[in-house]
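Residue numbers (our numbering): 3 to 391. All residues carry an ideal CB built from backbone N, CA and C; glycine is no exception.
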Amino acid sequence: MTTDRDYYEILGIGRAATDDDIKRAYRQMAMKYHPDRNPDDDTAEEKFKEATEAYEVLKDSQTRQVYDTYGHAGLKGSQGGRGFGFDSFGMADALRAFMRDFGNFGSFGGLDDLFGFGQGGSRGPRVFKGEDLRLTLKVTLEEIAEGVEKSLKVKVHGSCSECGGSGSAKGSSKSVCPQCSGRGEVRKVSRSMFGQFVRVQPCDYCNGMGQVITTPCSKCAGDGRESVDKNISVKIPAGVAEGNYITLRGSGNAGPQGGPHGDLIVFIKEIDHDKFERHGDDIVLDVPISFAQAALGSKIEIPTLNGNTTLDIPSGTQSGRLFRLRNKGIRHLRTAGRGDQLVQVLVWTPTKLDKTATQLFERLSSLEGIAPPKSSKSFFKRLKDSLGV
Numbered sequence: 003m004t005t006d007r008d009y010y011e012i013l014g015i016g017r018a019a020t021d022d023d024i025k026r027a028y029r030q031m032a033m034k035y036h037p038d039r040n041p042d043d044d045t046a047e048e049k050f051k052e053a054t055e056a057y058e059v060l061k062d063s064q065t066r067q068v069y070d071t072y073g074h075a076g077l078k079g080s081q082g083g084r085g086f087g088f089d090s091f092g093m094a095d096a097l098r099a100f101m102r103d104f105g106n107f108g109s110f111g112g113l114d115d116l117f118g119f120g121q122g123g124s125r126g127p128r129v130f131k132g133e134d135l136r137l138t139l140k141v142t143l144e145e146i147a148e149g150v151e152k153s154l155k156v157k158v159h160g161s162c163s164e165c166g167g168s169g170s171a172k173g174s175s176k177s178v179c180p181q182c183s184g185r186g187e188v189r190k191v192s193r194s195m196f197g198q199f200v201r202v203q204p205c206d207y208c209n210g211m212g213q214v215i216t217t218p219c220s221k222c223a224g225d226g227r228e229s230v231d232k233n234i235s236v237k238i239p240a241g242v243a244e245g246n247y248i249t250l251r252g253s254g255n256a257g258p259q260g261g262p263h264g265d266l267i268v269f270i271k272e273i274d275h276d277k278f279e280r281h282g283d284d285i286v287l288d289v290p291i292s293f294a295q296a297a298l299g300s301k302i303e304i305p306t307l308n309g310n311t312t313l314d315i316p317s318g319t320q321s322g323r324l325f326r327l328r329n330k331g332i333r334h335l336r337t338a339g340r341g342d343q344l345v346q347v348l349v350w351t352p353t354k355l356d357k358t359a360t361q362l363f364e365r366l367s368s369l370e371g372i373a374p375p376k377s378s379k380s381f382f383k384r385l386k387d388s389l390g391v
């Protein structure tokens, strides 16, 4: 569990709250503290995990009843031999739970292993999952347009090279916990006017492990982990956007004393481009042209995300005109096809004129039929029309 705070207090609701009240309160908190809106904010991350854990418990009538009766201890163990699986609730679990009920926020990891309740009848030593890790990966617009595979070097808690993750010194072994007899949990009986209640909770002598280390490993001091550099390959699909994230299962920290690895959550950071501006899967490019090119027409070479191409400028082109290059934008995420490239031509006005140029412009201004129109669409209106918004 991430918290021992009261779940109702976390969500700011009363114990008589309806299912709709619970869902509404959680959604407000999750949107406020979601990591997309609070990058690199550890406090917001903890609040997001707390709120999601509270929501997962209270939205289900069965777990809510157990919590209302026994509190947190009832969820850590079970009354009828059923574990509820909240002991290792991590960031990846919180993100998957949020996406499951409130829409996919861009995770491209598998969503089929959403966290849930433990299997009924489970007993014996527990294992604890390692912590989830998160990092931000910067990608260029060119990489986003086509997709890319990146190699990352991440510092994680891996299994101890000396003891293999067991936490015990070589030649020694773990012994059965004398307090819980290897069950990893203890039963406490309480009586009230309503009868006898059996509360099952993790053993505090062995921390729920069911076993105790007799001779700790000298390298990891019994934790079973050490800091290591890990090389990880991550595939970034075409069409991702700022704030999307990819969950790499099992690439986070190893769990203590041989526990399973947590996940690595990779958040996408889009690097601003020096030429192009992104609008969804379309890109916009500003290109300056001269008066002569605009008036007489011209062929100009312009950049695209895949090299240069030629653009025909017809005679009489006005400053701010938009040209559309089909299928020169960003590939669509998870679907076929790609966006377009919009090119806005801007007629360049010279700031310094020599005598000859001044005379030519004076002659041009005296000619009839070259007055500009009284009104025209703004650039933003033309852009919205081109983008279909």
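For the pair A240 and R365, the CB atoms are not nearer than the 7 Å cut-off. Each of S253, Y247 and E55 was checked against the Cα of D6, and the nearest Cα belongs to E55.
Non-local beta-carbon contacts of V150 in its own chain, meaning distances under 6 Å to residues more than five positions away in sequence, involve I238 in chain order. DSSP, reduced to helix, strand and coil, places G309 within a strand of the structure shown. DSSP places T138 inside the beta strand (DSSP E), whose first and last residues are L135 to V141. F130 and G92 have their C-alpha atoms spaced approximately 11 Å apart. In the DSSP annotation of this structure, the continuous segment of the alpha helix (DSSP H) that includes I24 starts and ends at D21 to Y35. With a cutoff of 7 Å on beta-carbon distance, S168 and G226 are scored as near each other. Sorting V345, P305 and R251 by C-alpha distance to the C-alpha of L135 places R251 at the top. The alpha-carbon of C219 is positioned some 23 Å away from that of G264. Annotated as proximal: Y28 and Y57, with beta-carbon spacing under 7 Å. H275 has no beta-bridge partner at all, per DSSP. In the three-state reduction of the DSSP assignment, S161 falls in the strand class, which pools E and B.
In this structure, D288 sits away from K301, with a CB-CB distance that is not shorter than 7 Å. Taking C-beta atoms under 8 Å as the contact rule, V268 and L139 qualify, at a distance of about 5 Å. For D38, the secondary structure class from DSSP, reduced to helix, strand or coil, is coil. Within a 10 Å sphere around the beta-carbon of K49 sit 16 or more other beta-carbons, which makes this residue buried. Nearest in C-alpha terms to A99, of all of T71, Y72, G73 and K61, is K61. Counting every other CB atom within 10 Å of its CB across the protein chains shown gives Q259 a total of 16 or more, marking it as buried. Contact between the region 151-162 and the region 334-343 is absent: fewer than 3 CB-CB pairs across the two stretches fall below 8 Å.
Under the DSSP definition of a beta bridge, F199 partners with S192.
Membership of L335 in any alpha helix (DSSP H) is not indicated, and neither H nor E is assigned to it by DSSP. A straight-line Cα-Cα distance of about 25 Å links S321 and K357. Taking 3 residues as the minimum length, the beta strand (DSSP E) runs contained wholly in the region 324-366 are 324-327 and 343-349, in order along the chain. Scanning its chain for C-beta atoms nearer than 8 Å, with the 5 sequence neighbours on each side dropped, one finds around K221 the residues C162, S163, E164, C165 and E228, in chain order. Taking a C-beta distance under 7 Å as the contact criterion, G331 and D284 qualify as a contact pair.
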